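Student: For the sequence shown, numbering that gives the first Met the number 0 assigns the number 0 to the initial residue and increments by one for each residue that follows. Below you will find the structure I want to go over with you.
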Amino acid sequence: MKKISKIRFNISNLPLALTVFAALLSVSHLTAGQNALASEMTPYERIMQDLEETHQLFNVGRYEEAVLGYTDVIQRGLKGPSIYFGLAQSYRMLKLYQNAIKYFDMAIELSPSFSDAYLELARTYEALGYPEETEKNYINALEKGTPSDLTFANFGFFKLNAQPPQIANAQRLVDAGLEMYPDNPHILYLKANILLKTGKYEECWAVVEGLRFRNYDGLENSLIEELTGYMDDPYHQVSVKRRIQRLEERQNLYLMTQSINAAAKTYANNTAEQNQ
0 MKKISKIRFN ISNLPLALTV FAALLSVSHL TAGQNALASE MTPYERIMQD LEETHQLFNV
60 GRYEEAVLGY TDVIQRGLKG PSIYFGLAQS YRMLKLYQNA IKYFDMAIEL SPSFSDAYLE
120 LARTYEALGY PEETEKNYIN ALEKGTPSDL TFANFGFFKL NAQPPQIANA QRLVDAGLEM
180 YPDNPHILYL KANILLKTGK YEECWAVVEG LRFRNYDGLE NSLIEELTGY MDDPYHQVSV
240 KRRIQRLEER QNLYLMTQSI NAAAKTYANN TAEQNQ
């Protein structure tokens, strides 16, 4: 009876065993297929695949692994300004600033008009507390290549936070930045901070209101807190709270309208496809 019972037990588990076997077989085939695909790749294709995977590691914040990945492809002979830039950025995010400077310089040597490399080099020197090198590289970022919105914003904050604050220089960077990048949130955020520092609270609020209405990633939240602190008399306290409430109502209405318009557009496109 024990033997029969044992046989019945094994038979009752046969579907599970077959399922596990099938899964293992499929994994085996998949692995074999991947290995076959990898073996068919040329050395250049393989190294480019490794580089793309390294970029992804950086994008998800795995900077230690990104350093290893960039270093590996460089040692295998793949070199270029964007690769050195990626390695430098990885080091900068790890606060290994001297290593970052080395590879930013190498990227710039290969591409003297690499504006973003000058920008990040300036930010690196700023983190180290070297104002002269910081300013020199911010200027290079503006003058060589096409400066990004962050070049104007970061250089402007560097001027604004100087001792004493260089308000006029920061404002010039705002004006130049908005001319190239109208309505840009990072440059508008700098503008609002200048207005706040110079005591122009109502004008600052107008910029903050614009940022919040456009739903820009919460840049305005810290400014709202500071504005509330500066407007410390009862009238302004109530005024700020009412403004925030009205602004949230407008923002909700704006987002709802956007959603309705998107749904209407989708419906119109689907109807048009069905009528074809």
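Positions of the beta carbon are idealized from the N, C-alpha and C atoms, including for glycine. Everything numeric in this text was worked out from a predicted model, so none of it was measured.
Roughly how many angstroms separate the alpha carbons of N192 and C203, rounded to a whole number?
Tutor: Translated into positions along the sequence shown, residue 192 becomes position 193. Translated into positions along the sequence shown, residue 203 becomes position 204. So the alpha carbons of these two residues sit roughly 7 angstroms apart.
Student: Can K158 and A169 be called in contact, C-beta distance under 8 angstroms?
Tutor: Taking the sequence shown and counting its residues from 1, one reaches residue 158 at position 159. Taking the sequence shown and counting its residues from 1, one reaches residue 169 at position 170. For K158 and A169, yes; Cβs fall inside 8 angstroms.
Student: Alpha helix (DSSP H) containing D49: first to last residue?
Tutor: On the sequence shown, residue 49 is found 50 positions in, with the first residue counted as 1. D49 -> alpha helix (DSSP H) spans 42-58.
Student: Note down the Cα distance separating R122 from L141, rounded to an integer number of angstroms.
Tutor: As a first step, residue 122 must be located in the sequence shown, where it is residue number 123. As a first step, residue 141 must be located in the sequence shown, where it is residue number 142. In a straight line, the C-alpha of R122 is about 14 angstroms away from that of L141.
Student: Using the rule of at least 16 other Cβ atoms within 10 Å of the residue's Cβ for burial, across every protein chain shown, is P111 buried or exposed?
Tutor: As a first step, residue 111 must be located in the sequence shown, where it is residue number 112. Exposed.
Student: Could you tell me if the beta carbon of A87 falls within a distance shorter than 7 angstroms of some heavy atom in the ligand COA?
Tutor: The model on display carries no ligand, and the ligand COA is accordingly not part of it.
Student: Taking the alpha-carbon positions, what's the F103 to Y117 distance?
Tutor: If you number the sequence shown from 1, residue 103 lands on position 104. If you number the sequence shown from 1, residue 117 lands on position 118. Answer to the nearest angstrom: the Cα atoms are 8 angstroms apart.
Student: Following the continuous alpha helix (DSSP H) through F156, name the residue where it begins and the one where it ends.
Tutor: Residue 156 sits at position 157 when you count from the first residue of the sequence shown. Segment 148-159, the alpha helix (DSSP H) holding F156.
Student: Pick helix, strand or coil for L86, following the three-state DSSP scheme.
Tutor: Here residue 86 refers to the residue found at position 87 when the sequence shown is read from its first residue. L86 falls in the helix class under three-state DSSP.
Student: Starting from the C-beta of Y83, find all residues in its chain whose C-beta is less than 6 angstroms away, skip the five residues before and the five after it, and write them out in chain order.
Tutor: For this step, residue 83 is matched to residue 84 along the sequence shown. The residues are Y102, M105, A106.
Student: So S114 and K143 are supposed to be a Cβ contact under 8 angstroms. How far apart are they, rounded?
Tutor: If you number the sequence shown from 1, residue 114 lands on position 115. If you number the sequence shown from 1, residue 143 lands on position 144. The Cβ separation is near 6 angstroms, so the contact holds.
Student: Kindly list the residues whose CB is nearer than 6 angstroms to the CB of M133, restricted to its own chain and excluding five residues on each side of it in sequence; keep chain order.
Tutor: Residue 133 sits at position 134 when you count from the first residue of the sequence shown. With the sequence shown as reference, residue 133 is identified as Thr, and Met is not the correct amino acid for it. If we look at T133 and ignore the five residues flanking it on each side, its Cβ neighbours are A121, Y124, E125.
Student: Express the C-alpha separation of Q97 and N58 in angstroms, rounding to a whole number.
Tutor: Looking up residue 58 in the sequence shown gives position 59. Looking up residue 97 in the sequence shown gives position 98. Straight-line Cα distance between these residues: approximately 22 angstroms.
Student: Let me confirm a value: A99 is counted as buried when at least 16 other C-beta atoms fall within 10 Å, else exposed. Which label applies?
Tutor: Here residue 99 is taken as the residue at index 100 of the sequence shown, counted from 1. That one is buried.
Student: Note down, in chain order, each residue of its chain lying with its Cβ closer than 6 angstroms to the Cβ of F154, except the 5 sequence neighbours on either side.
Tutor: For the purposes of this step, residue 154 is identified with residue 155 of the sequence shown, where counting begins at 1. Contacts found: Y137, L172.
Student: Kindly give me the distance between the Cβ atoms of F151 and I186, rounded to whole angstroms, as I take these residues to be in contact under 8 angstroms.
Tutor: As a working note, residue 151 is residue 152 in the sequence shown. As a working note, residue 186 is residue 187 in the sequence shown. Correct: roughly 6 angstroms between the Cβ atoms.
Student: Sorted by chain position, which residues of the same chain lie with C-beta nearer than 8 angstroms to S81's C-beta, five sequence neighbours on each side aside?
Tutor: Locating residue 81 in the sequence shown gives position 82, counting from the first residue. The residues are A106.
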